[in-house]
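Numbering (my numbering), first residue to last: 38 to 346.
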């Protein structure tokens with residue numbers, strides 16, 4: 038068989054419809070690697086395919102050395118390879134742009150996060166919004182913004198700016214709601230919702246009930262977390278339900294027997310309910326097994342022991 042006969046019978050002849058299907062399949066496969074790498078991570082074989090697929094596509098689209106082929110439908114392979122190169126460059130450019138955008142969003146969020154953790158909530162407010170505008174689908178950004186906005190709402194309320202306080206309070210609730218809509222089973226988001234409503238209860242006492250309901254949901258999601266149970270007990274006490282406060286704090290110390298704060302809070306509620314022996318017992322447990330040098334606990338222990346018959 039002559040070389041020309043072999044070339045004309047090549048499986049990947051430019052007139053062969055299967056050639057175009059192959060090129061399209063390679064491109065779609067390569068594009069899927071971009072997507073999976075964005076949402077996950079790359080392993081060595083996938084990384085090899087990332088570079089080999091464009092190379093194979095280019096070789097397939099290029100005419101063999103010295104070949105004289107008729108281009109399909111008036112197109113030549115040089116033009117086809119050019120289109121492929123443009124498409125690949127466009128995809129790479131878009132990917133780099135998206136990565137850069139998300140990186141900058143994270144940078145703005147980190148700046149805001151550091152401000153918020155240092156107590157500079159006013160300075161954190163704008164960078165949080167910038168991060169969200171760059172990556173609006175990230176619920177963690179909105180969750181952190183919600184508490185920052187709630188603190189600013191309380192500050193505005195204390196400065197007698199009722200209108201601004203109301204706007205900020207509504208924004209705080211909305212941002213947390215969006216975060217929870219995206220990730221409804223995230224226990225940390227429910228904790229933040231509790232903190233938001235707890236802070237806003239300074240403006241309106243009705244938010245205490247909202248905080249309590251949010252923390253009850255958090256407890257359902259993490260029933261063995263002692264800190265949630267402890268805060269739930271405190272919230273019951275805040276809304277005037279001392280009986281449930283005592284019950285919840287008792288459950289807390291059963292989850293974590295060395296939880297000094299929970300035992301001290303339980304002692305206070307026992308004393309308030311007229312159950313002095315049990316209150317003293319909790320203080321004694323703290324002083325003997327948890328914190329022997331706690332001055333406040335020592336003072337209460339001496340005071341209540343002197344009153345106890």
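Cβ atoms here follow ideal geometry from the backbone N, Cα and C, with glycine treated the same way. The structure presented is a predicted model; accordingly, all values stated were derived computationally and were not measured.
- With contacts defined as CB atoms closer than 8 Å, residue 205 and residue 190 qualify as a contacting pair.
- Of the candidates 221, 240, 307, 221 places its Cα closest to the Cα of residue 257.
- Of the candidates 168, 141, 283, the residue whose Cα lies closest to the Cα of residue 310 is 283.
- With contacts defined as CB atoms closer than 8 Å, residue 267 and residue 296 qualify as a contacting pair.
- The three-state secondary structure of residue 334, taken from DSSP, is helix.
- Of the candidates 322, 326, 316, 329, 316 places its Cα closest to the Cα of residue 340.
- In this structure, DSSP gives residue 240 a state outside helix and strand, which the three-state scheme calls coil.
- With a cutoff of 8 Å on beta-carbon distance, residue 165 and residue 182 are scored as near each other.
- With a contact defined as Cβ atoms closer than 8 Å, residue 186 and residue 209 qualify at about 4 Å.
- When rounded, the separation of the alpha-carbon atoms in residue 96 and residue 89 is 10 Å.
- Take residue 313, set aside five residues on each side of it, and the residues of its chain with a beta-carbon closer than 8 Å to its own are 307, 341, 344, 345, in chain order.
- The Cβ atoms of residue 157 and residue 169 lie no closer than 8 Å to each other.
- When secondary structure is reduced to three states using DSSP, residue 259 falls in the coil class, being assigned neither helix nor strand.
- Each of 119, 273, 331 was checked against the Cα of residue 252, and the nearest Cα belongs to 273.
- By the neighbour-count criterion, in which a residue is buried when 16 or more other Cβ atoms sit within 10 angstroms of its Cβ, residue 269 is buried.
- For residue 156, the secondary structure class from DSSP, reduced to helix, strand or coil, is coil.
- Under the three-state reduction of DSSP output, residue 214 falls in the helix class.
- When the alpha-carbon of residue 119 is set against those of 305, 92, 212, 141, the nearest one is in 92.
- Within the stretch 277-316, complete alpha helix (DSSP H) segments of at least 4 residues are found at 279-292, 297-309, given in chain order.
- Bounds of the alpha helix (DSSP H) holding residue 183 are 176-195.
- Taking the Cα positions, residue 335 is about 11 Å away from residue 325.
- In terms of Cβ geometry, residue 68 and residue 155 do not form a close pair [threshold 8 Å].
- Taking residue 241 as the centre and dropping the five residues before and after it, the same chain places no C-beta closer than 6 Å to its C-beta.
- Going by beta carbons, residue 259 and residue 224 fall inside the 8 Å limit.
- For residue 164, the secondary structure class from DSSP, reduced to helix, strand or coil, is helix.
- The beta-carbon distance between residue 144 and residue 161, rounded to whole angstroms, is 14 Å. This is too long to meet the 8 Å contact definition.
- A residue is called buried once 16 or more other Cβ atoms fall within 10 Å of its Cβ, and residue 330, having fewer, is exposed.
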